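This report concerns only the one structure given below.
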Amino acid sequence: MRSSWWLAVSLCVAGSALLLSRLEPPGRLITWLQQQLLPAHFFPSPSSGQQRLLTLSELGRYDGQEGSPGLYLAVLGQVFDVSKGAKHYGPGASYQALAGRDASRAFVSGDFSDAGLVDDVSGLSPAQMLGLHDWLSFYQRDYAYVGKLVGRFYDEQGRPTEALREVEEALALGHKAKEEKELQKRRFPPCNSEWSAASGSRVWCGKRSGGVERDWVGVPRLLFTPGSSPSCVCVRTTGPPSDRPASSEHPNAGDLEHPGLKSYRECPPLAESCVVLAD
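Residues in the sequence shown are numbered from 1 upward in steps of one, following UniProt numbering.
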């Protein structure tokens, strides 16, 4: 029933987006879509029961100490009952510092000092936001949801704040970057490598090198990417380039003509294995 409801909502949103696309500039359309879809996608509400709203002082009482009414923690403003994990979050446990508060930043920074045990996640990279969202998903899956924490991420009516919108935007960027990285890995799988005192370093390609299964082997090349160190990748040597797969006019050289690639010194152009010579 819930999935049917969500499908209907999605279709309505899609239809509205199509209409707006004819009326609004692209930037405003993207902002509208973020407002409609991102909260539901990244921060789904529980399917049943009235949501409880807790203040910071109320959450602070649930720190598991003697006389405490329970053991709660919050991640990105969502509160969870972690009583069944008391060996992890109770007094004297490794993650006791997380109890009775929203210390979202500490989940990815590893800083458990007073300065690090905060809910301010501004400045975290999209990749760090993805890691934090993984923690949120873990608690949603393994622990009982209690409600929302009124403060940085939710207002007094339980509605998302601008801070949560910023988190959602960073998550969208993180997912996009992750997808692009996966596509890049499939286009240029990492090489296999080995080193020995007798023969030095060697890199080579196979149909499963880099953990990417494919129907071609490829040849080793150094790939230079802005902001990263050069890395050995396997490059397809036949067919159209990956960025123009439907092209009928190409030199049948696969991705060998990519401008970011460099051959290994003194290695034959189509060799599947290369000895890495010192510069």
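Think of the CB as a built atom: it goes at the ideal place given N, C-alpha and C, for glycine as much as any other residue.
Owing to the predicted nature of the structure, the values given are computational and were not obtained by experimental measurement.
Span separating the alpha-carbon of residue i from that of residue j
| i | j | result |
| --- | --- | --- |
| G151 | G77 | 8 Å |
| P251 | W204 | 24 Å |
| T237 | H258 | 11 Å |
| K148 | V79 | 6 Å |
| residue 287 | M129 | Here the chain covers residues 1 to 279 and nothing more, so residue 287 does not appear. |
| S48 | Y143 | A caution first: S48 carries a pLDDT of 47, below 50, which makes its placement in the model unreliable, though a value can still be read off. Distance between the alpha carbons of S48 and Y143: 15 Å. |
| A99 | R165 | 25 Å |
| L261 | D255 | 9 Å |
Outcome for residue i when other beta-carbon atoms lying within 10 angstroms are tallied against a minimum of 16
| i | result |
| --- | --- |
| D119 | buried |
| I30 | Per-residue confidence for I30 stands at a pLDDT of 42, beneath the threshold of 50, marking its modelled position as unreliable; no derived number is given. |
| A278 | exposed |
| F153 | buried |
| A197 | exposed |
CB-CB length for residue i against residue j, believed under 8 Å
| i | j | result |
| --- | --- | --- |
| G211 | C234 | Not confirmed; about 12 Å, so no contact. |
| P240 | S247 | 5 Å |
| A74 | D102 | 4 Å |
| L71 | G90 | 6 Å |
Simplified DSSP assignment, three categories, for residue i
| i | result |
| --- | --- |
| L20 | Residue placement at L20 cannot be trusted, given a pLDDT of 37 that sits under 50; the coordinates are not used to answer. |
| D81 | strand |
| S273 | strand |
| K87 | helix |
| P220 | strand |
| K207 | coil |
| Y264 | coil |
| E182 | helix |
Reference residue i; option with closest CA among the options
| i | options | result |
| --- | --- | --- |
| E213 | L222, K185, S263, V108 | K185 |
| G131 | V108, P160, P189 | V108 |
| Y62 | L53, S83, S137 | S83 |
| G218 | D134, P268, S137, L56 | P268 |
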